[in-house]
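Residue numbers (the working numbering), protein chains in the order written: chain S, 2 to 113; chain L, 1234 to 1345.
A short worksheet on the structure shown next.
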Amino acid sequence: GESVGLHLPTLSVQEGDNSIINCAYSNSASDYFIWYKQESGKGPQFIIDIRSNMDKRQGQRVTVLLNKTVKHLSLQIAATQPGDSAVYFCAERGVPADKLIFGTGTRLQVFP
Amino acid sequence: DTAVSQTPKYLVTQMGNDKSIKCEQNLGHDTMYWYKQDSKKFLKIMFSYNNKELIINETVPNRFSPKSPDKAHLNLHINSLELGDSAVYFCASSQGRGGEQYFGPGTRLTVT
């Protein structure tokens, strides 16, 4: 069946360091992946996406890497800030296209 | 200038009751969704509507009935509430099926 999962439930990093959040997916036919950030008491917020014909995509302080060979997705956050503290989800577009399959989430904690 | 809004934000009710959650979006989107997030933060799609037409209906008990009076609104009615219905329910919207989804702030439902 379809599933998207994360390796680490909680990640603690020091302010200023880089963060890497990982995600594994099982559907090799998936063509589109998204990272969401969910702050406490709020809904998920889009961060960055990547299509399966790409290996890497960069945004402002964030980079998403896609390794289709091992069905692995990662989110890199440069110079992590306290405001980055949140739960991060990867999501995979399923069938039909408006169906997003979310991973279990990783909590990122940033300490001074 | 709230994009996706939900009411109420908190809902506490007893088993067996019937309750509704309302969602409105002012983004002009044509597709709306309901998601359920459990206590472990797992986020799963329940329903999606495109131009008021039901597109996705995941394996949700028929006690849950979505209703879309127009493209800007998607309500969720729940009959005979059970303890397991306790969760945070998120509404989302997108322009087109497969478009970037914008999430509301969530409704925390507690069934006692």
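Don't be surprised by glycine CBs; every beta carbon is placed ideally from N, CA and C.
Separation of residue j from residue i, as counted between CA atoms
i, j, result
"residue 1263/L", "residue 1285/L", "8 Å"
"residue 22/S", "residue 1328/L", "28 Å"
"residue 1303/L", "residue 1240/L", "17 Å"
"residue 56/S", "residue 107/S", "22 Å"
"residue 45/S", "residue 1336/L", "6 Å"
"residue 50/S", "residue 34/S", "6 Å"
"residue 25/S", "residue 67/S", "10 Å"
"residue 1319/L", "residue 1325/L", "19 Å"
"residue 47/S", "residue 76/S", "13 Å"
"residue 36/S", "residue 89/S", "7 Å"
"residue 101/S", "residue 43/S", "18 Å"
"residue 59/S", "residue 65/S", "6 Å"
"residue 32/S", "residue 61/S", "23 Å"
"residue 11/S", "residue 1305/L", "37 Å"
"residue 8/S", "residue 1255/L", "Bear in mind that the predicted position of residue 8/S carries a pLDDT of just 49, short of 50, making it too unreliable to give a figure here."
"residue 20/S", "residue 38/S", "14 Å"
"residue 1252/L", "residue 99/S", "27 Å"
"residue 40/S", "residue 30/S", "30 Å"
"residue 1267/L", "residue 1292/L", "13 Å"
"residue 1245/L", "residue 1237/L", "22 Å"
"residue 1242/L", "residue 1269/L", "14 Å"
"residue 82/S", "residue 74/S", "22 Å"
"residue 112/S", "residue 1343/L", "32 Å"
Which of helix, strand or coil DSSP assigns to residue i
i, result
"residue 1316/L", "helix"
"residue 1251/L", "coil"
"residue 83/S", "helix"
"residue 23/S", "strand"
"residue 1286/L", "strand"
"residue 62/S", "coil"
"residue 54/S", "coil"
"residue 73/S", "strand"
"residue 39/S", "strand"
"residue 96/S", "coil"
"residue 1325/L", "strand"
"residue 28/S", "coil"
Rounded distance between the beta-carbons of residue j and residue i, thought under 8 Å
i, j, result
"residue 1278/L", "residue 1289/L", "6 Å"
"residue 104/S", "residue 92/S", "7 Å"
"residue 1296/L", "residue 1321/L", "Going by Cβ atoms, the distance from residue 1296/L to residue 1321/L rounds to 18 Å, so no, they are not a contact pair."
"residue 1301/L", "residue 1307/L", "5 Å"
Counterpart residues of residue i in DSSP-defined beta bridges
i, result
"residue 1277/L", "1269/L"
"residue 1300/L", "1308/L"
"residue 12/S", "109/S"
"residue 1257/L", "1238/L and 1306/L"
"residue 46/S", "38/S"
"residue 1292/L", "Residue 1292/L is not bridged to any residue."
"residue 1341/L", "1243/L and 1321/L"
Neighbour list for residue i in chain A, Cβ cutoff strictly below 7 Å
i, result
"residue 17/S", "Absent here is chain A; the protein component of the structure consists of chains S and L."
The ligand SAM heavy atom lying under 6 Å from the CB of residue i
i, result
"residue 32/S", "For the structure depicted, the ligand SAM is absent and the ligand set is empty, with no information on it obtainable."
### Query
Which residues, taken in chain order from the segment 1258-1276 of chain L, show a beta carbon closer than 9 Å to some beta carbon of chain S?
Listed by position, the residues of the segment 1258-1276 of chain L near chain S (Cβ gap below 9 Å) are 1264, 1266, 1268, 1270, 1273, 1274, 1275 and 1276.
### Message
Which residues of the segment 1279-1300 of chain L have a Cβ closer than 9 Å to any Cβ of chain S? Give them in chain order.
### Response
Residues of the segment 1279-1300 of chain L with a C-beta atom less than 9 Å from some C-beta of chain S are 1281, 1283, 1288, 1289 and 1291, listed in chain order.
### Query
Listed in chain order, which residues of the segment 1330-1345 of chain L have Cβ atoms closer than 7 Å to some Cβ of chain S?
Residues 1330, 1331, 1333, 1334, 1336, 1337, 1338 and 1339.
### Task
Closer than 9 Å, Cβ to Cβ, to anything on chain L: give me those residues from the segment 64-94 of chain S, in chain order.
Within the segment 64-94 of chain S, the residues whose Cβ lies closer than 9 Å to any Cβ of chain L are, in chain order, 88, 90, 92 and 94.
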